[in-house]
Structures are given as C-alpha cells and as structure tokens.
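Heads up: the structure comes next, in structure tokens.
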Amino acid sequence: MRNGIARFVLVLAAAALLPRSAPAQAGPSAKAAKVKITTPARGATVSGPVKVTLAATGVEIVPATDERAGTGHHHLFVDRDVTPVNDTIPRGVTGIIHLGRGQTEFVLDSLKPGPHQVIAVVGDWKHVPLKPLVTDTVRFTVKD
Ligand SMILES: [Cu+2]
Numbered sequence: 047m048r049n050g051i052a053r054f055v056l057v058l059a060a061a062a063l064l065p066r067s068a069p070a071q072a073g074p075s076a077k078a079a080k081v082k083i084t085t086p087a088r089g090a091t092v093s094g095p096v097k098v099t100l101a102a103t104g105v106e107i108v109p110a111t112d113e114r115a116g117t118g119h120h121h122l123f124v125d126r127d128v129t130p131v132n133d134t135i136p137r138g139v140t141g142i143i144h145l146g147r148g149q150t151e152f153v154l155d156s157l158k159p160g161p162h163q164v165i166a167v168v169g170d171w172k173h174v175p176l177k178p179l180v181t182d183t184v185r186f187t188v189k190d
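All the letters of the sequence shown, read from the start, carry residue numbers 47 to 190 under this note's numbering.
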C-alpha cells in the first residue's frame, strides 16, 4: 500500500515536470494545410517518364472551377523557381503546371536524364498560392 502511494506521488511529480502541451487550436481553419510530394522519393534516381504524386492535408483538393474557401488545386514548378507568392500563378509557361481539374498526380514525360527539382504549391481557385504557403520540394535524378 505504501509502495502504491509512493508511486502515485512520483507520477504526480513527473506530471508537474512535463512541459505544458501546445495550446488548443482555435478551430478547423487554424490547422495548417500541408502538401507532400509522395513520389518520386526525395533524392531518388528514377527512369522516365516520372509520375509525380501529391498528398494534401488540411485543404480540400478540388477543380479550379470550385470557388470555395478551404479548397485549392495543385501546381507544379518543374526545374524553376516559384512565381511571386501574392501573384496569380501564370498559365502557358514552361515548367509551370496547373492541375486545375483537381488531379493529385501528373506524369512528367519529357525530363532529360540528370538532376531535377519539382516544387508543389497549392493555389486557390484564382490560382493564387494559399497563405501560409502550402508547398513541398523534391529533388531527384532521371537516369540515362
Ligand atoms: Cu492553378
């Protein structure tokens, strides 16, 4: 019995020493949206064509025609920097791909052998990047 009380006191002491848990989120909108390029794997050496697969959390991936808050669609910047984050992501530009039908994968079929970089950015129905930025970068190599 004495042993049990000692253990209880010890647990209390340990609990007091534990760091306070993070403050509760204000609501669903406070949850930060995230995107991850799930393939190709980081640093992988792959043969072409290269299928890029995307997984988003905290944001609903929908077609660009779906004009609702809390939604967005994927954009890929292939071997180029992202455009200014407050600007509309342009169309018809080499290396910038809008997955405007709500797709979560895209096949890059014209990458030359060598190192490449893909940056994923989730943008809203106006094609403007979400804030805070929802982005992921993967570098990989296409073999000869
Ligand atoms: Cu777009």
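The beta carbon of each residue, even a glycine, is placed where N, CA and C say it ideally should be.
Thinking C-beta only, is residue j closer than 8 Å to residue i?
i: residue 142; j: residue 123; result: yes
i: residue 189; j: residue 161; result: no
i: residue 176; j: residue 105; result: yes
i: residue 103; j: residue 150; result: no
i: residue 89; j: residue 152; result: no
i: residue 166; j: residue 155; result: no
From which residue to which residue does the beta strand (DSSP E) around residue i run?
i: residue 151; result: 151 to 154
i: residue 96; result: 96 to 103
i: residue 184; result: 181 to 188
i: residue 89; result: Per DSSP, residue 89 belongs to no beta strand (DSSP E) and is neither H nor E.
i: residue 122; result: 117 to 124
Let me check you understand the geometry: is the CB of residue i closer than 7 Å to at least one non-hydrogen atom of ligand 1?
i: residue 138; result: no
i: residue 107; result: no
i: residue 110; result: yes
i: residue 148; result: no
i: residue 162; result: no
i: residue 169; result: yes
i: residue 83; result: no
So for residue i, helix, strand or coil by DSSP?
i: residue 134; result: coil
i: residue 80; result: strand
i: residue 175; result: strand
i: residue 106; result: strand
i: residue 168; result: strand
i: residue 160; result: strand
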